[in-house]
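Residue numbers (my numbering): 238 to 672.
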């Protein structure tokens, strides 16, 4: 409890009081209480299954309640499921109270909007497509309330800056809640049909199956992210001078890919490529990666093997796709003087040409133990100078355009140390090995 800021507890208390105000008219409301009890029990059961087997919250029952019941009665439906839900961390009473208040307010708002637009009559009469309009407005209200409340708790409890607390929350939640809203509307229409509640419950079966598939996808994606994170952490531990470099190369690669108009799935693969481009350093002796002085020709040949080592490490990871080619070829040059195979021009895979520019850019704009970071403008000038010989001009121009819109905030990737007076400068971008 002590870990929760007082202002966050006050915010939760305000949400609870708001939910209680929504419930105040209950004594004067004429509602089918058996339906309220049935929907509340159904939601509580679905919530228990969802929390243990899947992920997130099962909204169709709540939205069906918003479409079927008066607003105060609808606000009752989420309370048992939220107040008796399993809590993994934090003060249980606080988290349960917050969840119950949040859902009660959202369901109340959705029901209020739905009834105000005549949605109840449309549901009773199965009046399509008119029934879709009040339902859509109710879903938007439901989503908006959740977004506002979630953003507030992020800002107060997690100390997320206000300018970021609500960013993207509404749009990210709109699509999944919209699907749940459609299922809730189907439940409500069948509930008021001659077939009754039993037919309405059948809607939950395909919804549950689709949700299970969606949860499996997210689990697989989480496993992918964990695999990549483990590999990157291993590289960062081995080569401390470039800690954080991999993530920034992934970010720059993603910026280039988006500027080139690649679809989202390919942008994600290019991000993986940037993050994993130096994973082959795991096969290079640590003494060479951390050597202060210049490398001997033999030592350079050993370090130049790291793209091939990296390709061997990731070749069995099927979800990486063309990212594997980028790991192998990101040190190739358009003029054929690169390594490991001396490929020319278009022989170099596009993913590798993207990562090569992102890698060189971050290497120049990050402080290392052997030199200070260069300004972004200087780094872009160097990339432009080497375009056509070392780098693909198309990728360089894409990065310049992306940076012009989004900017770049280079980070220090090594401890701030004062190099000895005779410490050799870092290698130029055209022949760098360690970044």
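Each residue gets a CB set at the ideal place from its N, CA and C atoms; glycine is no exception.
Checklist entry - With 16 as the cutoff for other CB atoms within 10 Å, does residue 649 come out buried or exposed? => result Confidence at residue 649 is low in this model, with a pLDDT of 43, below 50, so its placement is unreliable and the value that follows should be read with caution. By the neighbour-count rule (16 or more Cβ atoms within 10 Å), residue 649 is not buried but exposed.
Item to check | residue 572, DSSP secondary structure in three states | outcome: strand
Checklist entry - Looking only at its own chain, which residues have a Cβ that is under 7 Å from the Cβ of residue 567, when we skip the five neighbours before and after it? => result 514, 544, 589, 592, 593, 596
Next on the checklist: Is it buried or exposed, residue 274, if we count other Cβ atoms within 10 angstroms and call 16 or more buried?
Outcome noted: exposed
Next on the checklist: Within 8 Å, do at least three Cβ pairs link the stretch 388-402 to the stretch 315-326?
Outcome noted: no
Next on the checklist: Please classify residue 351 as buried or exposed, where buried requires at least 16 neighbouring CB atoms within 10 angstroms.
Outcome noted: buried
Checklist entry - Taking one C-beta from the stretch 330-340 and one from the stretch 405-416 each time, how about it: are there three or more such pairs within less than 8 Å? => result no
Item to check | Residues of its chain near residue 546, where Cβ-Cβ distance is below 6 Å and the 5 sequence neighbours each way are ignored | outcome: 517, 520
Item to check | C-beta contact flag for residue 380 and residue 309 at 8 Å | outcome: no
Item to check | Inter-residue Cα distance where the pair is residue 555 and residue 262 | outcome: 58 Å
Item to check | Beta-carbon proximity list for residue 284, same chain, < 8 Å, skipping 5 on both sides | outcome: 294, 295, 318, 319, 322
Item to check | Anticipated Cβ contact below 8 Å, residue 493 with residue 635, distance rounded | outcome: 5 Å
Checklist entry - How is residue 624 classed by DSSP in three states: helix, strand or coil? => result strand
Checklist entry - In whole angstroms, what separates the C-alpha of residue 504 from that of residue 281? => result 39 Å
Checklist entry - Which whole-angstrom value describes the C-beta separation of residue 539 and residue 525, a residue pair presumed to lie in contact below a C-beta threshold of 8 Å? => result 6 Å
Checklist entry - Which runs of the alpha helix (DSSP H) spanning at least 4 residues fall entirely within the stretch 513-563, listed in chain order? => result 523-526, 534-540, 543-551
Checklist entry - When you compare only the Cα positions, how much space is there between residue 436 and residue 443? => result 13 Å
Checklist entry - Expressed to the nearest angstrom, what Euclidean distance is found between the alpha-carbon atoms of residue 583 and residue 571? => result 8 Å
Checklist entry - Could you give the distance in angstroms between the alpha-carbon of residue 574 and the alpha-carbon of residue 461? => result 34 Å
Item to check | Terminal residues of the alpha helix (DSSP H) in which residue 413 lies | outcome: 406-428
Checklist entry - Between the Cα of residue 366 and the Cα atoms of 534, 563, 470, 419, which residue gives the shortest distance? => result 419
Item to check | Cβ neighbours of residue 384 in the same chain (closer than 8 Å, five flanking residues each side left out) | outcome: 403, 406, 407, 410
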